[in-house]
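Residue numbers (the numbering used here), protein chains in the order written: chain W, 1 to 162; chain E, 163 to 280.
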Amino acid sequence: MGVPNFERSGVTDAQRTAQPRTDGLGRVLITVYLILALAATLRAIYQIVAKFDEAPVAYSLSLASGVVYIIATVALMRRTGHWRTVAWAALIFEFAGVIIVGTLSLVIPAWFAHDSVWSFFGMNYFWIPLVLPVLGMIWLRRDARGGVEPDVTPAIESENQY
Amino acid sequence: MILWFAIAQMVVGVSGAIVSLWVFARKSGPNDYTLGATLLLGVLLLAQMAVSIVAPFSGNPAVGDPLEFWMYLITAAALPFGVGIWALIDRKRTANLVLAVMQVSVAVMVFRMLVIWG
Numbered sequence: 001m002g003v004p005n006f007e008r009s010g011v012t013d014a015q016r017t018a019q020p021r022t023d024g025l026g027r028v029l030i031t032v033y034l035i036l037a038l039a040a041t042l043r044a045i046y047q048i049v050a051k052f053d054e055a056p057v058a059y060s061l062s063l064a065s066g067v068v069y070i071i072a073t074v075a076l077m078r079r080t081g082h083w084r085t086v087a088w089a090a091l092i093f094e095f096a097g098v099i100i101v102g103t104l105s106l107v108i109p110a111w112f113a114h115d116s117v118w119s120f121f122g123m124n125y126f127w128i129p130l131v132l133p134v135l136g137m138i139w140l141r142r143d144a145r146g147g148v149e150p151d152v153t154p155a156i157e158s159e160n161q162y
Numbered sequence: 163m164i165l166w167f168a169i170a171q172m173v174v175g176v177s178g179a180i181v182s183l184w185v186f187a188r189k190s191g192p193n194d195y196t197l198g199a200t201l202l203l204g205v206l207l208l209a210q211m212a213v214s215i216v217a218p219f220s221g222n223p224a225v226g227d228p229l230e231f232w233m234y235l236i237t238a239a240a241l242p243f244g245v246g247i248w249a250l251i252d253r254k255r256t257a258n259l260v261l262a263v264m265q266v267s268v269a270v271m272v273f274r275m276l277v278i279w280g
């Protein structure tokens, strides 16, 4: 650890063009996204297969949100070129979704008061869906600032930190 | 589901997460303890799969929907192995944090499975 390994950071630099280097916070964020994406998508598939008639709107939205979480996970892992735009779009969509659906679930309970990812601002998932896109956007912005110069320095730096 | 076995899985998940957070706080990468706890959780979930196949035949059927139960179980069982391999490939300090997040999620999923089984 501690000592910067130049050979290793050299390899990372070569990989940088294909895959951006992910810092510690980013890894945790991506893991949480991955778990939420799996949970939301599989649950929505189950709800649609088993009881679509009960709340078609809520369950369709659940599936849509699950798919967006998958897209966001992949886009955050890549996050170069077009993927960065995709990541931003997915995060904004999620944040808008949790706010709009969260509000609607209070206003029109008949439509949305079923178990969906965004009902009651993501209560079923410990409000993680409400916090996650915000953290994602903060991290993405920070990552953009750090990654302006395609330099070896950030790689060595992060090697020291983690 | 067998109640005590489900509780054992949740305990392993939560205590594994505490160990992972502790090792993270000590500023070191994933070690035998954090990866061992992850492996143990994975093995327990595989055992849970066997238990869930046998249980209905020995007079302990699921009250809830078996489809929903199995979706949770398969996802939960895949997580320790997937995330564990990731932590092995990239043995940085924050891999412990990733392990902790996964272990808590699995514990929550086991709780959900227990509720579905009834």
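All residues carry an ideal CB built from backbone N, CA and C; glycine is no exception.
Practice problem: Report the neighbours of T163(W) on chain E: residues whose CB is nearer than 7 Å to its CB, in chain order. | Solution: No information on residue 163(W) is available, as it lies outside the stretch 1 to 162 that chain W covers here.
Quiz item: At what residues does the alpha helix (DSSP H) containing V176(E) begin and finish?
Solution: As a working mapping, residue 176(E) is identified with position 14 in the second sequence. Taken as a continuous stretch (DSSP letters only), the alpha helix (DSSP H) holding V176(E) covers 165-187.
Quiz item: Excluding five sequence neighbours on each side, which residues of the same chain lie with their C-beta closer than 7 Å to the C-beta of W139(W)?
Solution: Reading the first sequence from its first residue, position 139 is the one you call residue 139(W). Here the set comprises L25, G26, L29.
Quiz item: Among A238(E), A199(E), A209(E), which has the Cα closest to the Cα of A269(E)?
Solution: In the second sequence, counting from the first residue as 1, residue 269(E) sits at position 107. Nearest of A238(E), A199(E), A209(E) to A269(E), Cα basis: A238(E).
Self-check item: Sequence-distant residues of the same chain with beta carbon closer than 6 Å to V57(W), five excluded per side
Solution: Mapped onto the first sequence, residue 57(W) falls at position 57. Cβ within range, chain order: W111.
Quiz prompt | DSSP state of N258(E) mapped onto helix, strand, coil | solution = As a first step, residue 258(E) is located in the second sequence; it is residue number 96 there, counting from the start. In the three-state scheme derived from DSSP, where H, G and I count as helix and E and B as strand, N258(E) is classed as helix.
Quiz prompt | Distance between beta carbons of I128(W) and G136(W), contact taken as under 8 Å | solution = What you label residue 136(W) is simply residue 136 of the first sequence in a count that begins at 1. What you label residue 128(W) is simply residue 128 of the first sequence in a count that begins at 1. The C-beta separation of G136(W) from I128(W) comes to about 11 Å, leaving the pair out of contact by the 8 Å criterion.
Practice problem: Please confirm whether D143(W) and R78(W) have their CB atoms less than 8 Å apart. | Solution: Translated into the one-based positions of the first sequence, residue 143(W) becomes position 143. Translated into the one-based positions of the first sequence, residue 78(W) becomes position 78. With respect to R78(W), D143(W) sits apart: the two C-beta atoms are not nearer than 8 Å.
Exercise. Please confirm whether R255(E) and G175(E) have their CB atoms less than 8 Å apart.
Key: The residue you call residue 255(E) lines up with position 93 of the second sequence. The residue you call residue 175(E) lines up with position 13 of the second sequence. At least 8 Å separates the beta-carbon of R255(E) from that of G175(E).
Quiz item: By a C-beta neighbour count over all protein chains shown, 10 Å radius and 16 as the cutoff for buried, is S220(E) buried or exposed?
Solution: Against the second sequence, residue 220(E) aligns to sequence position 58. Classification for S220(E): exposed.
Quiz prompt | Under 8 Å (Cβ pairs) to chain E, residues found in the segment 68-94 of chain W | solution = If the cut-off is 8 Å between Cβ atoms, the segment 68-94 of chain W has nothing near chain E.
Quiz item: CB-CB under 6 Å to V205(E), same chain, minus the five flanking residues each way: which ones, in chain order?
Solution: Here residue 205(E) is taken as the residue at index 43 of the second sequence, counted from 1. None.
Practice problem: Note down, in chain order, each residue of its chain lying with its Cβ closer than 8 Å to the Cβ of F93(W), except the 5 sequence neighbours on either side. | Solution: For the purposes of this step, residue 93(W) is taken as residue 93 along the first sequence, with counting starting at 1. V68.
Exercise. Look at the Cβ atom of V32(W), then the Cβ atom of V263(E), and state whether they are nearer than 8 Å.
Key: For the purposes of this step, residue 32(W) is taken as the residue at position 32 of the first sequence. For the purposes of this step, residue 263(E) is taken as the residue at position 101 of the second sequence. Their beta carbons are under 8 Å apart, which means V32(W) touches V263(E) by this criterion.
Self-check item: the segment 205-215 of chain E in contact with the segment 163-171 of chain E per 3-pair CB rule at 8 Å
Solution: Touching, yes, given that three or more Cβ pairs across the two stretches are closer than 8 Å.
Quiz item: Would you say M172(E) faces chain W, with C-beta separation under 8 Å as the test?
Solution: Residue numbering aside, residue 172(E) sits at position 10 when the second sequence is read from its first letter. No, M172(E) does not count as interfacial toward chain W.
Exercise. Please name the residue, chosen from T85(W), A37(W), A50(W), that lies closest to W118(W) on a Cα-to-Cα basis.
Key: Reading the first sequence from its first residue, position 118 is the one you call residue 118(W). The option with the nearest alpha carbon to W118(W) is A37(W).
Quiz item: From this set, T73(W), D23(W), A44(W), which residue's C-alpha is nearest H114(W)'s C-alpha?
Solution: Translated into the one-based positions of the first sequence, residue 114(W) becomes position 114. Nearest option by C-alpha distance: A44(W).
Self-check item: chain W contact for L206(E) (CB, 8 Å cutoff)
Solution: Numbered from 1 along the second sequence, position 44 holds the residue referred to as residue 206(E). No Cβ of chain W is located within less than 8 Å of the beta carbon of L206(E).
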